[in-house]
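Below you'll find the structure, written out as C-alpha cells, and then a few comments.
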Amino acid sequence: MPNIVFQHADKRYDERAERYVFRDLNLHIRKGEFTVLVGPSGCGKSTLLRMIAGLESVSGGDLLFDDLRVNELPPVKRGVAMVFQNYALYAHMTVYDNIGFGLKIAGLPKAERHALIQDAARQLQLEELLQRKPTQLSGGQRQRVAIGRAIVRKPSAFLFDEPLSNLDANLRAQMRAEIAELHRKHGVTTVYVTHDQVEAMTLADRIVVLSRHGLEQFGTPDELFDTPANLFVAGFMGSHRMNLVPVDETHAQQLLLLTGQSTGELAAAGIGTIGARPEDIEVVDGSAASVQLVERLGAESLVHFAVGGSLTPLCALSTDRSIAFGQARALRVPPHKLHRFGPNGQRLAP
Ligand code: ADP
Ligand code: MG
Numbered sequence: 001m002p003n004i005v006f007q008h009a010d011k012r013y014d015e016r017a018e019r020y021v022f023r024d025l026n027l028h029i030r031k032g033e034f035t036v037l038v039g040p041s042g043c044g045k046s047t048l049l050r051m052i053a054g055l056e057s058v059s060g061g062d063l064l065f066d067d068l069r070v071n072e073l074p075p076v077k078r079g080v081a082m083v084f085q086n087y088a089l090y091a092h093m094t095v096y097d098n099i100g101f102g103l104k105i106a107g108l109p110k111a112e113r114h115a116l117i118q119d120a121a122r123q124l125q126l127e128e129l130l131q132r133k134p135t136q137l138s139g140g141q142r143q144r145v146a147i148g149r150a151i152v153r154k155p156s157a158f159l160f161d162e163p164l165s166n167l168d169a170n171l172r173a174q175m176r177a178e179i180a181e182l183h184r185k186h187g188v189t190t191v192y193v194t195h196d197q198v199e200a201m202t203l204a205d206r207i208v209v210l211s212r213h214g215l216e217q218f219g220t221p222d223e224l225f226d227t228p229a230n231l232f233v234a235g236f237m238g239s240h241r242m243n244l245v246p247v248d249e250t251h252a253q254q255l256l257l258l259t260g261q262s263t264g265e266l267a268a269a270g271i272g273t274i275g276a277r278p279e280d281i282e283v284v285d286g287s288a289a290s291v292q293l294v295e296r297l298g299a300e301s302l303v304h305f306a307v308g309g310s311l312t313p314l315c316a317l318s319t320d321r322s323i324a325f326g327q328a329r330a331l332r333v334p335p336h337k338l339h340r341f342g343p344n345g346q347r348l349a350p
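Counted from 1, the sequence shown has number 298 at position 298 by the working numbering; the numbering is strictly sequential.
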C-alpha cells in the first residue's frame, strides 16, 4: 500500500499545447489515507486520477509509489483499481462475471476466484443478485458491483471518480457510509473525486482543493473550513458560501457592521477582503440590515440581508422562523470568526 507522490509533475494533453492541466504539481498522498479531490469542472481531477492509474501519461516530473518511479509503469502493474461514475460494467455479463472478470484475465484459478467473488458479494450485499445482468439492477446496485469488481483484486490503492453522482440523495448517503466503512476495514490508500461538499467533508482524512491554476490547498476538512489559505478555497469550501466582502467604499457599511472598522482602517492594515461564514453571523435586534430574501432549509434558513448600498447581500444562517422579507435586523460576528485576506487573495494571520 504505497504513498502516492507527485514531484514537480506537469500534464498537458498535447505536446504543442500552451495550456498545462498541471504545472509543477507537488502532492504527497500518504499511505492508507483517504484523500478527496475537489475543484470546479475542468480543473483536472479526472486527469490526476488517470495519471495515478496509468491511463494518462505524466508529461514532466515524477510520479512515485513510495520510492518507485511509476511514470512508465503500465496500468496492470500498478495494483490500483478505479471506480467510475458511469460504472463501466459489461452489459452482457452477470454480476458474478462482472465482479470476477479482472481475476479471470489475471489467470486466477476458478476456485480462488469463486471465494473472492463470494466474499465481495457478502460485503456489498450482492449475494442475491449474482446471476442478474446490469440492466436488471438499480443505480446503487450497479455501483456496488463496480466497487466489488475493484475490491476483489485486493488493490494497493482505490481511485474513485465521482462514483455516487448518478445516485439519488438517500442512496448517496447510504453508499457514502459503505465506502467509509470499506476504508475503515481495509485501510487501503484511497483517492476520491467528488463535487459534493458533504461527501468531501465526511469521507476525507485530507482534501485537495484544485482550481484551473493547480493546487490551492491540501489539508484536513477542519483546516480547510477554519483556515482557508486563500480566497479561492474560502469561496469554494462549505455548504453555504462564505460572505467575501472587498475592502472598498461601496462595501463600507457592510465592513463596518462585520468588523467595527472603517474601510480606511482595514486598508491601512493591509486587508483586501473580509470573510464571514453564514454560520458565524448572528442575527440580532437592530436596523442596520434589511431582509431581502429568506431561503427555508428546514431547521434553519439562509437569510440574505441588504446592507448599505452594496449590491451583494450578506447571508446569515438563522433558526429564527419569524424572520421575513422587509424586516430590519442587525448582524454580529465574533471577531475571532472573521477571515482576513490580503490584496493578493492570500490569508492573513489574525
Ligand atoms: P475534471 O475532472 O476536473 O472536470 P478533467 O481532468 O476531465 O477535469 O479535464 C481537465 C482539462 O483537460 C480540461 O480542460 C479538459 O478539457 C482537458 N482534457 C481532459 N481530457 C482530455 C483529453 N483526452 N484530450 C485533451 N484534453 C483533455
Ligand atoms: Mg472529471
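In this text, a Cβ means the ideal position worked out from N, Cα and C, and glycines have one as well.
Three-state secondary structure (DSSP) of residue i
i: H251; result: helix
i: R241; result: coil
i: K154; result: coil
i: M82; result: strand
i: T263; result: helix
i: F101; result: helix
i: M278; result: Note that residue 278 is Pro in the sequence shown here, rather than Met. P278: helix per DSSP, three-state reduction.
i: T135; result: helix
i: R347; result: strand
i: P109; result: coil
i: R23; result: strand
i: H304; result: strand
i: H195; result: coil
i: Q7; result: strand
i: P335; result: helix
i: Q327; result: coil
i: Q292; result: strand
i: V76; result: helix
i: G286; result: strand
i: A200; result: helix
Selected residue, minimal CA-CA separation from residue i, among the options
i: L68; options: L49, F22, N86, F6; result: F6
i: A299; options: L27, D226, D196, S322; result: S322
i: Y87; options: L231, I52, G139; result: G139
i: L297; options: L266, N3, S239, R347; result: S239
i: C315; options: R277, F65, P109; result: R277
i: E127; options: P74, G308, T94; result: T94
i: A328; options: P246, R176, V307; result: V307
i: I274; options: G309, S287, G286, L231; result: L231
i: V70; options: F34, N3, G42; result: N3
i: L159; options: R78, L348, D66; result: R78
i: E216; options: Q346, F65, S318; result: Q346
i: L317; options: V303, N166, G44, V291; result: V303
i: G219; options: L164, G54, I29; result: I29
i: D248; options: D205, G342, D285; result: G342
i: G326; options: Y20, L293, V76, S301; result: L293
i: L167; options: T250, D196, E295; result: D196
i: S165; options: K185, H186, A157, V193; result: V193
Under 9 Å between C-beta atoms of residue i and residue j
i: Y96; j: L130; result: yes
i: L116; j: V80; result: no
i: K214; j: F22; result: Per the sequence presented here, residue 214 reads as Gly, with Lys not at that position. Yes, the Cβ-Cβ distance between G214 and F22 is below 9 Å.
i: I207; j: V38; result: yes
i: L224; j: V233; result: yes
i: H339; j: P221; result: no
i: V145; j: P155; result: no
i: Q123; j: G148; result: yes
i: R172; j: T202; result: no
i: A330; j: A289; result: yes
i: G32; j: R212; result: no
i: T47; j: T189; result: no
i: V209; j: M242; result: no
i: V191; j: L49; result: yes
i: L27; j: K11; result: no
i: G272; j: N344; result: yes
i: D320; j: S301; result: yes
i: M82; j: L55; result: yes
i: L348; j: G270; result: yes
Exposure label - residue i; buried when at least 16 CB within 10 Å
i: H8; result: exposed
i: E162; result: buried
i: D280; result: buried
i: E199; result: buried
i: S59; result: buried
i: Y13; result: exposed
i: H336; result: exposed
i: P98; result: Here residue 98 turns out to be Asn, not Pro, going by the sequence shown. The residue in question, N98, is buried, as its Cβ has 16 or more Cβ neighbours within 10 Å.
i: R142; result: buried
i: A324; result: exposed
i: A169; result: exposed
i: H92; result: exposed
Any non-hydrogen atom of the ligand COA closer than 8 Å to residue i Cβ
i: S46; result: As far as ligands go, the structure on display features the ligand ADP and the ligand MG and does not contain the ligand COA.
Tell me the start and end of each unbroken alpha helix (DSSP H) in the region 203 to 236 that is at least 4 residues and wholly inside, in chain order. Runs of the alpha helix (DSSP H) lying entirely within the region 203 to 236, each at least 4 residues long, are 221 to 226, 231 to 236 in chain order.
Along the chain, which unbroken stretches of the beta strand (DSSP E) at least 3 residues long are found entirely within the region 29 to 74? Inside the region 29 to 74, DSSP marks whole beta strand (DSSP E) runs of 3 or more residues at positions 34 to 38, 60 to 65, from first to last along the chain.
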